[in-house]
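To convert, take the position in the sequence shown, counting from 1, and add 35; that gives the working numbering. Idealized CB from N, CA, C, for every residue including glycine. Since this is a predicted model, take the numbers as computed values, not measurements. Read through the structure below, which is laid out as structure tokens, and then see the notes.
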Amino acid sequence: MSMEDYDFLFKIVLIGNAGVGKTCLVRRFTQGLFPPGQGATIGVDFMIKTVEINGEKVKLQIWDTAGQERFRSITQSYYRSANALILTYDITCEESFRCLPEWLREIEQYASNKVITVLVGNKIDLAERREVSQQRAEEFSEAQDMYYLETSAKESDNVEKLFLDLAYRLISEA
Ligand code: GDP
Ligand code: MG
């Protein structure tokens with residue numbers, strides 16, 4: 036069996052403000068590491084992880100974008116072929132939640148209309164510093180027809196679930 040052997044290949048792109056934990060989520064899932072031991076993401080970079088769902092080999096190509104405004108021109112071209120988007124905010128950072136409509140406008144403008152978007156509230160290990168309630172995020176995600184999950188890249192809470200649930204949904208809609 037060759038290393039290229041898989042039943043499905045999906046492209047997943049992480050977006051959201053800088054500092055919300057996108058790189059940490061990807062590294063946690065693909066390498067089991069926290070902290071990732073690398074500096075800020077420059078431009079766009081991707082990691083591969085193959086998971087097995089119901090006996091099917093699902094290869095996930097996970098693109099970690101930098102959230103900074105000045106990098107947006109780089110990331111826009113990557114929206115187009117994405118099968119799924121992980122729109123991430125930080126539950127301890129109101130500002131990262133308030134920017135979500137801006138990200139949604141980008142998605143609407145650049146992503147496929149078939150893209151699956153998951154809203155992720157990261158850093159739940161910092162619950163004592165929470166600024167965005169679960170209820171607000173639930174209401175927002177429901178209004179936008181997005182799946183919603185809270186994670187901790189640090190404690191590895193829901194990180195595996197995030198990617199596996201997404202892979203499952205991608206297969207279901209493929
Ligand atoms: P990015 O700019 O969205 O890629 O964010 P990073 O992954 O670089 O993380 C930004 C900062 O948040 C770093 O200092 C991380 O150590 C920290 N961080 C990321 N995820 C978590 C988490 O789940 N919990 C905590 N406490 N810190 C986190
Ligand atoms: Mg990063």
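Check: residue i C-beta below 6 Å from any heavy atom of the ligand MG
{"i": "K189", "result": "no"}
{"i": "T58", "result": "yes"}
CB of residue i within 7 Å of CB of residue j, strictly
{"i": "L161", "j": "L122", "result": "no"}
{"i": "A117", "j": "L205", "result": "no"}
{"i": "D15", "j": "E87", "result": "Residue 15 falls outside the range modelled here, since the chain spans only 36 to 209, and no answer is possible."}
{"i": "V93", "j": "A202", "result": "yes"}
{"i": "R165", "j": "I126", "result": "yes"}
{"i": "K84", "j": "L68", "result": "no"}
{"i": "A188", "j": "G56", "result": "yes"}
{"i": "G54", "j": "Y124", "result": "no"}
{"i": "D192", "j": "I159", "result": "yes"}
Heavy atom of the ligand GDP within 6 Å of residue i beta-carbon
{"i": "L34", "result": "With the chain represented from 36 up to 209, any question about residue 34 goes unanswered, as that position is not in the structure."}
{"i": "G54", "result": "yes"}
{"i": "L161", "result": "yes"}
{"i": "N193", "result": "no"}
{"i": "P70", "result": "yes"}
{"i": "N157", "result": "yes"}
Integer Cβ distance of residue i from residue j, believed to fall under 8 Å
{"i": "I47", "j": "I97", "result": "5 Å"}
{"i": "M82", "j": "T65", "result": "4 Å"}
{"i": "V167", "j": "L60", "result": "Contact doesn't hold; Cβ gap of about 17 Å is too wide."}
{"i": "Y183", "j": "E190", "result": "With a Cβ gap of about 19 Å, Y183 and E190 do not count as contacting."}
Span of the beta strand (DSSP E), counted from its first residue to its last, around residue i
{"i": "F69", "result": "Segment: none, F69 is in no beta strand (DSSP E) and carries neither H nor E."}
{"i": "Y182", "result": "182 to 185"}
{"i": "I50", "result": "43 to 50"}
{"i": "I121", "result": "119 to 125"}
{"i": "V93", "result": "91 to 100"}
Buried or exposed (CB count within 10 angstroms, at least 16 for buried), residue i
{"i": "K149", "result": "exposed"}
{"i": "E185", "result": "buried"}
{"i": "E104", "result": "Model confidence at E104 stands at a pLDDT of 48, short of 50, so the residue's coordinates are unreliable; what they give is reported in the following sentence. Looking at its Cβ environment, which holds fewer than 16 other Cβ atoms inside 10 Å, E104 is exposed."}
{"i": "S207", "result": "exposed"}
{"i": "S112", "result": "exposed"}
{"i": "R63", "result": "buried"}
{"i": "N89", "result": "exposed"}
Limits of the unbroken alpha helix (DSSP H) element including residue i
{"i": "Q144", "result": "135 to 145"}
{"i": "I159", "result": "Taken as a continuous stretch (DSSP letters only), I159 belongs to no alpha helix (DSSP H), as it is neither H nor E."}
{"i": "D200", "result": "194 to 208"}
{"i": "A178", "result": "169 to 178"}
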